[in-house]
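Chemist: Handing you a structure now.
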Amino acid sequence: MSSWINRMPGINRREFLQTSALGLGLAGCASRLSPPDETTVSIAAAPDYDQRIYAILRQVLAEHRLDVRGKRVLLKPNLIEFEPDGPINTHPLLVHAALEAFRSLGAQVAIGEGPGHRRNTLDLAEAAGYFRAIPRFEDLFTDLNLDDVVHFKLNYPHSKLNAVYLARSVLSCDLLVSMPKMKTHHWAGATLSMKNLFGAVSGGVYGWPKNILHWAGIHQCVADLYRALPHHFAIVDGIVGMQGNGPIQGLPKRSGVLVAGRDLAAVDATCCRLMGIDPRRIDYLQFATGDVPQLLRSTRQIGEPVDRFATSFDLLPELSGLRLVQPV
Amino acid sequence: MSSLLTCQNPDGGWPYQPGGSSWTEPTAYAALALSIDPSAAPQVAAALRWLAAHQLADGGWPPQPGVHQSTAVTALVALLGPAALGEASYRRGIQWLLRQTGSDTGLLNRLRLIAYGRYPLQPAAGWPWFPGTSAWVIPTSLSILALRKTMRLMPGPAIRERLDQGEAFLLQHACADGGWNYGTAESFGYTARSYPETTGMALLALQPAVARVIGRACALARAQLRACQSSEAESWLRLGLAAHAQLPLHATPPVRPARDVRTAALAMLASAAAQGRHVFLD
C-alpha cells in the first residue's frame, strides 16, 4: 500500500494520538484550509457518468477555491453493495474524477470507506467497479473498518455516546471529502454527506452494521460526527440517486447534478431541496445547526438554480411528513 | 499457510492487513486455521499468549487491545477451546458470552415493536456485536458455534437454553428465499434478500436444525457458491455446506483472492473442512 495513509510507519500510537489531539485543538482556532466566511454550495449539471465529469469536477473545485496543495485529502465514497450499475454506491468514475481533480491541485489523495452493511470491502469495491475505474485502487484504498482506531471524545454530544472509536485515517487527514450518493433513507429521511460520516466509525469495534449508532440515536450521531470531523468538503453524487426504500432497496432517480460545498450541513440541506424533502424536517440538520432556517438563509447558492433540477424523490409512506410543500 | 505465518506480528497477534497492528478477530481466525497444522504450533502458542494477555476482567475479549470493551469476538476466541486457552480463562469467556443478549429482546423495545406489528410476540434472544445493541445473524452464529463446543465439553442447562434461543433466533430471521441476511428478513414491508456469507454462517450454526429449513438453505447456498463475489462468502458457504455434507464433491476450489488475514484464514478453514477436518465442529 502506498497512499499517504499507509506511509506513516515512523509514528506510533502515542505519537499519533498526541499529534491528532494537537491538530484537533488547533482546529478550533484556525482552519488549515481557510474556509470562507460564507457557506457556499454549488450545483453543477452533470448529465451522466461519462468523461465530462472530469471537467465538471475540476470546475466545481475551482469555484470553491480549495487550497489543498501539499495537503492530505481523503475521499470517502459510499460503498454498500456488490453492484456495478445500480443506484446504491457512489459511482466509481466520479471518485476517479475527484481523485484526479484534487491531485491537479497538488493534494496527496487517498480513498477510504468503512461500509456499515457488508464487510468484505475490497471485494465490494471490485464488484462495484472501483478496480476498473481507478488505477492502483488497492494501493490508494484503506478499509476504515479495519483501520487502527482512536477513542474520540465527543464534547456536548447530542447522542447517548460520550466517545466513539473512529478510524485513524479519518482523523489524520487534512481534508475529508464526503462523497455520498443522493438517496432517501428509511430511518433518517435522506442519506447525504453527513450521514456518510458513519463510515468513519470503526466496524472492527462495533460490528456490521454499526448498530450502536442506531441505539444512540441516528440523527444525533450524524450531528455528533459532523462536529467531530470539522475539516470536510462534500461532493454529492446526484447524477442518479435512489428514491423510495433507500438506502439499499430503493429505485433509481435521475437528478443530473453534483452538489458540493465546504459545509456538509449546507450541502445536505440543498440536496434535500433538490429531492423535494423539507430540510427543516430532517432532524440531524436541526441537531447539527440548531437553526435550519438560518442555515438556509446563510447559504450562498452558486451554479445551477435549485428549481431547475429539483425533482421529487418518492418517499416511504412513513416519511411522507418530510415532503417539501413549498420551496424554501 | 506461509503467507499467514509471515503476517504474524512480533507481539504474537495478527493484523487485518499485513503491517497493521494486532486485532483479536484475525488473531483468533489465524490461530484456528493454523491449529490444523502441527508445524505451526509455535506461532499458535504465541497467538494464544497474545490472547491470554488481552482478556478483560469481565471474561470477554476486546476487538483490539486499546478498546476497553468486550465484544462478539469473544465467541471466536472461545472456539479455540479450553485446551488452548486454559480452562479458567475459557470458562470466564463462556460466562461472558452467556450474559450477552440483543437489546432488541428487552421488554420496552419488544412492546414498541409489537405496537408496530414488526416482531414476533416471543422473539428469541440472539447475540449482538457490541453490548447494548441488537442481535444479528453473524454474532449469533459464531456464539452458537462456540457454545456448541462448550456443550460437548461441559454440558449444562444454561448453555442448552442459550443454544436453543440462538437457533430459534436464526430460524426467525430466515429470509423468504431460504437464506439469511445480516438481520431482519423484512423491513418497512419490503422483503430483504439473503447474502451468501450470512447464509453460509447460519447454515453452519444450524447444524441440527429442522431438515426442511436446512435442505432449502443448502440448495440456495449451492447456487450462491456458483455466483460468489468474495472470498469470505465463498469460505462461509463451503463451511456451511460441508457441515451438512452438502458441499458438492466436484465443487471448484476457492477462486476468489483472500485480501486480508481474516479471509486468508477462513479460506484455509474452508479447504480443511472440504477435506473432512471441520475445525468449527471438532
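If you read the protein sequences in the order shown, they are chains A and B. Read in order, the letters of the first sequence correspond to residues 3 to 330 in our numbering. Read in order, the letters of the second sequence correspond to residues 284 to 565 in our numbering. Glycine is no exception: its CB is placed at the ideal position from the N, C-alpha and C atoms.
Exposed or buried, which one is Pro37 of chain A when buried takes at least 16 other CB atoms within 10 Å?
Modeler: For the purposes of this step, residue 37 of chain A is taken as the residue at position 35 of the first sequence. Residue confidence for Pro37 of chain A is low, a pLDDT of 46 falling below 50, so the modelled location carries little weight; the figure read from the coordinates is stated next. Under this definition Pro37 of chain A is a buried residue.
Chemist: Alpha carbon to alpha carbon, what distance is there between His234 of chain A and Leu287 of chain A?
Modeler: Within the first sequence, residue 287 of chain A is the residue found at index 285, counting from 1. Within the first sequence, residue 234 of chain A is the residue found at index 232, counting from 1. Roughly 16 Å separates the two Cα atoms.
Chemist: Strictly under 9 Å for the Cβ-Cβ distance: is Val350 of chain B near chain A by that measure?
Modeler: Reading the second sequence from its first residue, position 67 is the one you call residue 350 of chain B. Closer than 9 Å: yes.
Chemist: Trp306 of chain B CB to nearest chain A CB: under 9 Å?
Modeler: Taking the second sequence and counting its residues from 1, the one referred to as residue 306 of chain B is at position 23. Answer yes: the Cβ-Cβ gap between Trp306 of chain B and chain A drops below 9 Å somewhere.
Chemist: Determine the extent of the beta strand (DSSP E) in which Val327 of chain A is found, giving its start and end residues.
Modeler: Residue numbering aside, residue 327 of chain A sits at position 325 when the first sequence is read from its first letter. Val327 of chain A -> no beta strand (DSSP E), and no H or E assigned at all.
Chemist: Closer than 7 Å, Cβ to any Cβ of chain B: which residues of the region 130-144 of chain A, in chain order?
Modeler: Here the close residues number zero.
Chemist: Is the separation between the beta-carbon of Gly118 of chain A and that of Gly201 of chain A shorter than 9 Å?
Modeler: Here residue 118 of chain A is taken as the residue at index 116 of the first sequence, counted from 1. Here residue 201 of chain A is taken as the residue at index 199 of the first sequence, counted from 1. Yes, the Cβ-Cβ distance between Gly118 of chain A and Gly201 of chain A is below 9 Å.
Chemist: Kindly indicate which residue of A:Gln61, A:Arg282, A:Pro86, A:Ile58 has the alpha-carbon position closest to the one of Ala190 of chain A.
Modeler: Walking along the first sequence from the start, residue 190 of chain A turns up at place 188. The shortest Cα separation from Ala190 of chain A among A:Gln61, A:Arg282, A:Pro86, A:Ile58 belongs to A:Arg282.
Chemist: Taking only runs of the alpha helix (DSSP H) that begin and end inside the region 269-322 of chain A, which ones reach a length of at least 4 residues, in chain order?
Modeler: 285-291, 294-300, 308-311
Chemist: For Arg74 of chain A, which of helix, strand or coil comes out of DSSP?
Modeler: Within the first sequence, residue 74 of chain A is the residue found at index 72, counting from 1. DSSP places Arg74 of chain A in strand when its eight states are reduced to three.
Chemist: Can you say whether Thr474 of chain B is buried or exposed, counting buried as having 16 or more other CB atoms within 10 angstroms of its CB?
Modeler: Residue mapping note: residue 474 of chain B aligns to position 191 of the second sequence, counting from 1. Answer is exposed; the Cβ neighbour count stays below 16.
Chemist: Taking any Cβ of chain B, which residues in the region 241-254 of chain A have a Cβ under 7 Å from it, in chain order?
Modeler: Within the region 241-254 of chain A, those residues whose Cβ lies closer than 7 Å to any Cβ of chain B are, in chain order, Asn247, Gln251.
Chemist: Does the beta-carbon of Glu517 of chain B have 16 or more other beta-carbons within 10 angstroms, so that it is buried, or is it exposed?
Modeler: For the purposes of this step, residue 517 of chain B is taken as residue 234 along the second sequence, with counting starting at 1. Classification of Glu517 of chain B: buried, given that the 10 Å Cβ count is 16 or more.
Chemist: Ordered along the chain, which non-local residues of its own chain (more than five positions away) have a Cβ less than 6 Å from that of Gln300 of chain B?
Modeler: Your numbering for residue 300 of chain B matches position 17 in the second sequence. Once the five neighbours on either side are set aside, the close Cβ partners of Gln300 of chain B are Asp543.
Chemist: Please list the partners that Arg539 of chain B has in chain A, where partner means a Cβ-to-Cβ separation under 8 Å.
Modeler: Here residue 539 of chain B is taken as the residue at index 256 of the second sequence, counted from 1. Going along chain A in sequence order, the residues near Arg539 of chain B (Cβ under 8 Å) are Asp125.
Chemist: Could you list the residues in the region 207-221 of chain A with a C-beta less than 8 Å from some C-beta on chain B, going in chain order?
Modeler: Val207, Tyr208, Gly209, Trp210, Pro211, Asn213, Ile214, His216, Trp217
Chemist: Establish whether the CB of Arg416 of chain B and some CB of chain A are separated by less than 9 Å.
Modeler: Mapped onto the second sequence, residue 416 of chain B falls at position 133. For the record, residue 416 of chain B in the displayed sequence is Thr; it is not Arg. Judged by the 9 Å Cβ criterion, Thr416 of chain B is in contact with chain A.
Chemist: Just checking: is the beta-carbon of Arg445 of chain B within a distance shorter than 9 Å of some beta-carbon in chain A?
Modeler: Residue mapping note: residue 445 of chain B aligns to position 162 of the second sequence, counting from 1. No, no contact with chain A.
Chemist: DSSP three-state call for Phe84 of chain A: helix, strand or coil?
Modeler: The residue given as residue 84 of chain A occupies position 82 in the first sequence. Phe84 of chain A: coil per DSSP, three-state reduction.
Chemist: Below 8 Å between beta carbons is the criterion; list the residues of the region 454-470 of chain B that meet it against any residue of chain A, in chain order.
Modeler: Tyr465, Gly466, Ser470
Chemist: Could you give the DSSP three-state label for Ser180 of chain A: helix, strand or coil?
Modeler: Locating residue 180 of chain A in the first sequence gives position 178, counting from the first residue. Ser180 of chain A: strand per DSSP, three-state reduction.
Chemist: Does any residue of chain A have a CB that is nearer than 9 Å to the CB of Ala355 of chain B?
Modeler: Here the question's residue 355 of chain B lines up with position 72 in the second sequence. Output row for Ala355 of chain B: interface = yes.
Chemist: Please report the distance separating the alpha-carbon of His527 of chain B from that of Pro422 of chain B.
Modeler: The count along the second sequence starts at 1 and reaches residue 527 of chain B at position 244. The count along the second sequence starts at 1 and reaches residue 422 of chain B at position 139. If I take the Cα positions, the gap works out to 21 Å.
Chemist: Relative to the C-alpha of Pro79 of chain A, which candidate in A:Thr123, A:Gln303, A:Tyr167 has its C-alpha closest?
Modeler: Here residue 79 of chain A is taken as the residue at index 77 of the first sequence, counted from 1. Of the listed residues, the one whose Cα sits closest to Pro79 of chain A is A:Thr123.
Chemist: Starting from Trp410 of chain B, find everything on chain A with Cβ-Cβ shorter than 8 Å and list it in chain order.
Modeler: Translated into the one-based positions of the second sequence, residue 410 of chain B becomes position 127. What Trp410 of chain B touches in chain A: nothing, since even the nearest Cβ is about 10 Å away.
Chemist: Relative to the C-alpha of Pro182 of chain A, which candidate in A:Gly219, A:Leu266, A:Gly209 has its C-alpha closest?
Modeler: If you number the first sequence from 1, residue 182 of chain A lands on position 180. The residue with the shortest Cα to Cα distance from Pro182 of chain A is A:Leu266.
Chemist: Interface residues of chain B around Leu297 of chain A at Cβ under 7 Å?
Modeler: For the purposes of this step, residue 297 of chain A is identified with residue 295 of the first sequence, where counting begins at 1. Ordered by position in chain B, no residue passes the 7 Å Cβ test against Leu297 of chain A, which lies about 29 Å from the chain.
Chemist: Under a three-way DSSP split, which group does Ala165 of chain A fall into?
Modeler: Here residue 165 of chain A refers to the residue found at position 163 of the first sequence. Three-state result, Ala165 of chain A: strand.
Chemist: Please state whether the Cβ-Cβ distance between Asp270 of chain A and Leu194 of chain A is less than 9 Å.
Modeler: Taking the first sequence and counting its residues from 1, the one referred to as residue 270 of chain A is at position 268. Taking the first sequence and counting its residues from 1, the one referred to as residue 194 of chain A is at position 192. Yes, the Cβ-Cβ distance between Asp270 of chain A and Leu194 of chain A is below 9 Å.
Chemist: Rounded to the nearest angstrom, how far is the Cβ of Met196 of chain A from that of Val151 of chain A, given a contact under 8 Å?
Modeler: The residue labelled residue 196 of chain A in the question sits at position 194 within the first sequence. The residue labelled residue 151 of chain A in the question sits at position 149 within the first sequence. Going by Cβ atoms, the distance from Met196 of chain A to Val151 of chain A rounds to 21 Å, so no, they are not a contact pair.
Chemist: Where do the ends of the beta strand (DSSP E) carrying Gln110 of chain A lie?
Modeler: In the first sequence, the residue the question calls residue 110 of chain A occupies position 108. Looking at the DSSP string, the run of the beta strand (DSSP E) that includes Gln110 of chain A is 110-115.
Chemist: For Trp410 of chain B, does the three-state DSSP call read helix, strand or coil?
Modeler: Sequence index remark: in the second sequence, residue 410 of chain B carries index 127 (1-based). Here Trp410 of chain B sits in coil by DSSP.
Chemist: In angstroms with no decimal places, state the Cα-to-Cα distance between Arg310 of chain A and Arg105 of chain A.
Modeler: Residue numbering aside, residue 310 of chain A sits at position 308 when the first sequence is read from its first letter. Residue numbering aside, residue 105 of chain A sits at position 103 when the first sequence is read from its first letter. Cα-Cα distance, rounded: 31 Å.
Chemist: Would you mind sorting Pro137 of chain A into buried or exposed? The rule is 16 or more other CB atoms within 10 Å of its CB.
Modeler: Locating residue 137 of chain A in the first sequence gives position 135, counting from the first residue. Under this definition Pro137 of chain A is an exposed residue.
Chemist: Against chain A, with Cβ distances strictly below 9 Å, would Gln300 of chain B count as a contact?
Modeler: Translated into the one-based positions of the second sequence, residue 300 of chain B becomes position 17. Answer yes: the Cβ-Cβ gap between Gln300 of chain B and chain A drops below 9 Å somewhere.
Chemist: Check the DSSP bridge columns for Arg256 of chain A and list the partner residues they point to.
Modeler: Counting from 1 along the first sequence, the entry for residue 256 of chain A is found at position 254. Answer is A:Val242.
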